[in-house]
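A.B. asks: One structure follows; several queries about it will come next.
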Amino acid sequence: MTEEQNTEPSAYPIGARVCAELAGSFLVCFAIYMICTFGTSIYGLDLAYIVVGTALAYAVVTAMLGRVSGGQFNPAITVAAILTGKTKVVAGILYVIVQVVGAIAAAGAVKWILPTSQTVTMKTWLTPAVNGYGTGSVSSATTSRASVSFGISMAIVVEVIAAIIIIAVAMRHTDANGKPHATYAPVIGAAYGLGVAMTYTVTGAALNPARATGIALFGQNQGLSTQPLQQLWIFWLAPVLAAAIVALVMIIADMASKRKPKMPADAPNDEAADAEADAHDIAVDAAVNAAPTVPSTNPEQ
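Residues 1 to 301 in the UniProt record's numbering are what the sequence shown spells out, letter by letter.
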């Protein structure tokens with residue numbers, strides 16, 4: 001086994017890889033939930049803060065644990081990795097399970113440490129962190145005053161497109177065995193940052209089914225304008241659909257690259273004709289050069 005093979009995620013025991021995905025999902029989701037609750041509720045920080053914070057969360061945790069498991073931390077990326085053969089099915093299923101468990105644990109930890117009172121309720125904290133659309137959107141209070149709404153169609157479109165970008169970057173920057181390239185951590189962080197910038201005002205920027213699931217469970221029955229679990233299916237459908245699209249494009253591109261160009265049927269005949277013509281020209285030149293020189297009979301010479 002070569003040195004490069006030794007550093008592949010598959011070289012680590014399955015238990016180590018699963019634990020890395022569990023820990024990574026917990027850390028990423030805990031950071032995002034803290035950013036969206038404390039940062040926005042207390043300081044009223046803007047979208048740029050959430051974009052940068054989310055990007056750093058994914059980039060830093062990926063740099064920490066990506067070498068062990070591949071740094072997926074997102075069921076949608078895992079689905080794409082399974083479909084393209086970068087991750088084995090059994091390992092992928094375990095990844096998805098622990099990714100969701102890690103997100104649930106992170107949401108529980110955040111909810112446990114959030115202080116509440118009669119004036120500052122759990123709704124105040126969780127509204128900026130829970131994903132939703134329509135009346136469940138983080139922008140619902142603002143858009144309702146303008147008599148507009150970010151509905152289900154818009155939510156699906158923006159989440160699918162943003163997830164395609166993230167998943168495509170993840171696939172592009174890992175090798176056939178799921179090993180991350182050296183640039184994986186910063187580029188995946190940048191991709192998530194772009195995804196948040198595209199989707200936060202519409203859906204709260206799920207981009208990751210595990211992230212959406214964890215906070216939805218603890219946001220249920222907390223007085224939010226919409227029960228989060230009623231809209232959770234959108235935040236599984238959109239990224240998984242994006243994963244299927246990316247995987248399909250990759251498979252088609254791989255098949256096309258392996259197809260060898262066929263030589264036209266008349267190409268051998270054309271080549272034979274050209275060779276025959278070249279041989280004829282060579283023979284003529286040889287005959288001319290071999291012909292004896294006839295002395296000149298011109299009387300003036």
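All C-beta atoms, glycine included, are put in the ideal place defined by N, C-alpha and C.
Quick check on this structure: which residue in K123, V202, N208 has the alpha carbon closest to the alpha carbon of I164?
C.D. replies: As a first step, residue 164 must be located in the sequence shown, where it is residue number 164. Out of K123, V202, N208, N208 has the C-alpha closest to the C-alpha of I164.
A.B. asks: Under the assumption that A103 contacts R17 (Cβ atoms under 8 angstroms), give the Cβ distance between them as a whole number of angstroms.
C.D. replies: The residue you call residue 103 lines up with position 103 of the sequence shown. The residue you call residue 17 lines up with position 17 of the sequence shown. Contact doesn't hold; Cβ gap of about 18 angstroms is too wide.
A.B. asks: Would you identify the three-state DSSP class for T121, choosing helix, strand or coil?
C.D. replies: Mapped onto the sequence shown, residue 121 falls at position 121. Of the three classes helix, strand and coil, the one that applies to T121 here is coil, per DSSP.
A.B. asks: Quick one: Cα of E136 to Cα of M154, how far?
C.D. replies: On the sequence shown, position 136 is the one that residue 136 refers to. On the sequence shown, position 154 is the one that residue 154 refers to. Correcting the residue identity first, residue 136 is Gly in this sequence and not Glu. Cα to Cα, the separation comes out at about 13 angstroms.
A.B. asks: Roughly how many whole angstroms lie between the Cα atoms of V96 and M198?
C.D. replies: The sequence position of residue 96 within the sequence shown is 96, counting from 1. The sequence position of residue 198 within the sequence shown is 198, counting from 1. Roughly 25 angstroms between the two C-alpha positions.
A.B. asks: I need the DSSP call for P13, collapsed to helix, strand or coil.
C.D. replies: Counting from one through the sequence shown, the residue named residue 13 turns up at place 13. In this structure, P13 counts as coil in the three-state DSSP scheme.
A.B. asks: Judging by CA-CA distance, which residue of E159, S225, L194, G70 is the nearest neighbour of residue 320?
C.D. replies: Here the chain covers residues 1 to 301 and nothing more, so residue 320 does not appear.
A.B. asks: Where does the unbroken alpha helix (DSSP H) through Y200 begin, and where does it stop?
C.D. replies: The count along the sequence shown starts at 1 and reaches residue 200 at position 200. 184-203 is the extent of the alpha helix (DSSP H) around Y200.
A.B. asks: What are the boundary residues of the alpha helix (DSSP H) that Q230 is part of?
C.D. replies: As a position in the sequence shown, residue 230 is number 230, starting the count at 1. Looking at the DSSP string, the run of the alpha helix (DSSP H) that includes Q230 is 228-231.
A.B. asks: Are Q99 and A170 touching if we call contact CB-CB under 9 angstroms?
C.D. replies: To locate residue 99, count along the sequence shown from 1; it is residue 99. To locate residue 170, count along the sequence shown from 1; it is residue 170. Contact: no.
A.B. asks: State whether the region 177-187 contacts the region 114-121, with contact taken as three or more CB pairs (one from each stretch) at a distance under 8 angstroms.
C.D. replies: Contact fails: fewer than three Cβ-Cβ distances are below 8 angstroms.
A.B. asks: Does the Cβ-Cβ distance between L56 and A20 come in under 9 angstroms?
C.D. replies: Residue numbering aside, residue 56 sits at position 56 when the sequence shown is read from its first letter. Residue numbering aside, residue 20 sits at position 20 when the sequence shown is read from its first letter. Against a cut-off of 9 angstroms, the Cβ pair of A20 and L56 comes out as no contact.
A.B. asks: For A162, collect the residues of the same chain with a Cβ closer than 7 angstroms to its Cβ; drop the 5 residues on either side in sequence, then sort them by chain order.
C.D. replies: For this step, residue 162 is matched to residue 162 along the sequence shown. Same-chain partners within the cutoff: G195, M198, T199, L207.
A.B. asks: List the DSSP bridge partners of P180.
C.D. replies: Reading the sequence shown from its first residue, position 180 is the one you call residue 180. Looking at the DSSP assignment, P180 forms a beta bridge with T174.
A.B. asks: I need the straight-line Cα distance from I245 to T119, nearest angstrom please.
C.D. replies: Within the sequence shown, numbered from 1, the residue matching residue 245 stands at position 245. Within the sequence shown, numbered from 1, the residue matching residue 119 stands at position 119. Rounded to the nearest angstrom, the two C-alpha atoms are 46 angstroms apart.
A.B. asks: Would you call the region 29-40 in contact with the region 80-95, where contact means no fewer than 3 C-beta pairs closer than 8 angstroms?
C.D. replies: They do not touch, by the three-pair rule.
A.B. asks: If you draw a straight line from the alpha carbon of A253 to that of R259, how long is it in whole angstroms?
C.D. replies: Here residue 253 is taken as the residue at index 253 of the sequence shown, counted from 1. Here residue 259 is taken as the residue at index 259 of the sequence shown, counted from 1. If I take the Cα positions, the gap works out to 10 angstroms.
A.B. asks: So the alpha helix (DSSP H) Y133 belongs to, where does it begin and stop?
C.D. replies: Translated into the one-based positions of the sequence shown, residue 133 becomes position 133. No alpha helix (DSSP H) contains Y133, which DSSP labels as neither H nor E.
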